[in-house]
Amino acid sequence: MFFTDPNRDYATEMKNWWRGMPAYTKLVIYVSIGTYILSWLNSAFIPLFINIPIFTIENLQIWRVFTSPFITLNLLTLIFEMCSYLPIAYRTELRLGTAKYGAFFIMNFIILEVLYAASLYGLSFIPSLSLLAIVPTAGLFPLIMAEIVINCNINPEAPSSFFLCPIQIKAKYFPWVYLVVLSLIVGVMWDLLIGILIGYFHVYKWMNFTYISDEKTKFIDNLRLIVSMKNYTNYISLSNAGNDSFSLGGQGYSKANINQPNTQTKRSQPFVPFEGAGYRLGGDESNGSERFNRHAETENSKEDDPLI
5 MFFTDPNRDY
15 ATEMKNWWRG
25 MPAYTKLVIY
35 VSIGTYILSW
45 LNSAFIPLFI
55 NIPIFTIENL
65 QIWRVFTSPF
75 ITLNLLTLIF
85 EMCSYLPIAY
95 RTELRLGTAK
105 YGAFFIMNFI
115 ILEVLYAASL
125 YGLSFIPSLS
135 LLAIVPTAGL
145 FPLIMAEIVI
155 NCNINPEAPS
165 SFFLCPIQIK
175 AKYFPWVYLV
185 VLSLIVGVMW
195 DLLIGILIGY
205 FHVYKWMNFT
215 YISDEKTKFI
225 DNLRLIVSMK
235 NYTNYISLSN
245 AGNDSFSLGG
255 QGYSKANINQ
265 PNTQTKRSQP
275 FVPFEGAGYR
285 LGGDESNGSE
295 RFNRHAETEN
305 SKEDDPLI
């Protein structure tokens, strides 16, 4: 079990894991924790920077689109958000590289926040839904849901466990089950629904423009500021991207390594026939041989006798 092996130095492994975390993912963590600490200083901090449709649209408070993803409402939300965001962002940044992932993150959360504000503000003109104009969104959960949809639709028919439940569902249904369960607990999550919608836009290749080209990535990688950052941050350049394993303490784990056995190793091992002596379970070698011989003689006599 985790943290129960006395032969492992978990403190050192956690330090190495944090030191090896990609630069942009670490930046998002720093900013999210920093804004949460700032919210202790003034009770008006959170309402001023979260995305509230009526203020974003009617009052043209555009900054809310850019600040809302980095605002968390309470400590429990921050912890759960980081636990959900870190594995996904870690793998994605290793696979895309820091520049590509940074552009992907920024463009997607801007689209998410604008679509959320515009959709709920428009729906608020329906009399029964008028309160939607003041329903806020904050944090990284919409973007997390979008990335969950993308990952679950890589192999949509694969069985997937739903947290600690003793049942498995198809991967393509996981985001919807997740949304339904949360909605039953805390009410309708409109921002998560928008996140799922953006995720399907990616599945159907309608959001490919959020991935910048290799030429632009190389240009960003060679900027003087970025080059200087590489000396003290784990900046993943385009040439080092492509490894999407999530590592802890130097040990990498990926979907391919977990779900697929090493069949090549098994096939390469030559077959060696068993050459030892056999023993009957519950008796010695001689008794087993005598019983086998008597059984063989009986079977032969049955074949020779036409009446049997």
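Taking my numbering, the leading residue of the sequence shown gets 5, the next gets one more, and so forth.
A virtual CB, placed ideally from N, CA and C, is assigned to each residue, including glycine.
### Beta-carbon spacing of lysine 104, threonine 221 below 9 angstroms
Result yes, Cβ atoms of lysine 104 and threonine 221 sit closer than 9 angstroms.
### Query
So does the stretch 149 to 168 actually touch the stretch 197 to 204, counting three or more Cβ pairs closer than 8 angstroms?
Yes, the stretch 149 to 168 touches the stretch 197 to 204.
### Message
Quick check on the burial criterion: 16 or more other C-beta atoms within 10 angstroms. Buried or exposed for leucine 64?
### Response
Exposed.
### Query
Which ranges does the alpha helix (DSSP H) cover as unbroken runs of at least 4 residues, wholly within the stretch 45 to 71, from first to last along the chain?
Uninterrupted alpha helix (DSSP H) stretches at least 4 residues long and entirely within the stretch 45 to 71 occur at 49 to 53, 57 to 61 and 67 to 71, given in chain order.
### Message
Once the 5 residues before and after proline 140 are set aside, which same chain residues still bring their CB inside 7 angstroms of it?
### Response
Hits under 7 angstroms: Ile54, Asn55 and Ile56.
### Query
Three-state secondary structure (DSSP) at lysine 220?
Note: lysine 220 maps to helix in three-state DSSP.
### Message
Suppose contacts are defined by Cβ-Cβ distances below 9 angstroms. Is alanine 142 in contact with serine 88 by that definition?
### Response
At the C-beta level, alanine 142 and serine 88 stay beyond 9 angstroms of one another.
### Query
Nearest to proline 179 by CA position, among Ile189, Asn155, Ile171 and Gly191, is which residue?
Among Ile189, Asn155, Ile171 and Gly191, the Cα nearest to that of proline 179 is on Asn155.
### Query
How about the stretch 66 to 86 and the stretch 126 to 138: do they share at least three Cβ pairs that are nearer than 8 angstroms?
Contact annotation: the stretch 66 to 86 does not touch the stretch 126 to 138, with fewer than three C-beta pairs closer than 8 angstroms.
### Query
Excluding five sequence neighbours on each side, which residues of the same chain lie with their C-beta closer than 6 angstroms to the C-beta of glycine 203?
If we look at glycine 203 and ignore the five residues flanking it on each side, its Cβ neighbours are Ala150, Val153 and Ile154.
### Message
Which of the three DSSP states is assigned to threonine 3 in this structure?
### Response
The chain is shown from 5 up to 312; residue 3 falls before or after that span and cannot be answered.
### Task
State the DSSP-derived secondary structure class of proline 91, mapped to helix, strand or coil.
In this structure, proline 91 counts as helix in the three-state DSSP scheme.
#### Entry: Buried versus exposed, by CB contacts within 10 Å (16 or more), proline 26
Buried: at least 16 other Cβ atoms inside 10 Å.
### Cβ contact check for the stretch 117 to 129 and the stretch 45 to 53: 3 or more pairs under 8 angstroms
Pairwise C-beta distances place the stretch 117 to 129 out of contact with the stretch 45 to 53, as fewer than three of them are shorter than 8 angstroms.
### Limits of the beta strand (DSSP E) - the one that proline 43 falls within
Reading off the sequence, residue 43 comes out as serine, not proline. That residue, serine 43, is in no beta strand (DSSP E); it is neither H nor E in DSSP.
### Query
Going along the chain, which residues of its own chain have a beta-carbon closer than 6 angstroms to the beta-carbon of lysine 19, five neighbours each way excluded?
Hits under 6 angstroms: none found.
### Candidates Ser243, Tyr239 and Asn244, of which the one nearest tyrosine 28 by Cα
Of the listed residues, the one whose Cα sits closest to tyrosine 28 is Tyr239.
### Task
Could you have a look at proline 163 and say whether DSSP puts it in helix, strand or coil?
In the three-state reduction of the DSSP assignment, proline 163 falls in the strand class.
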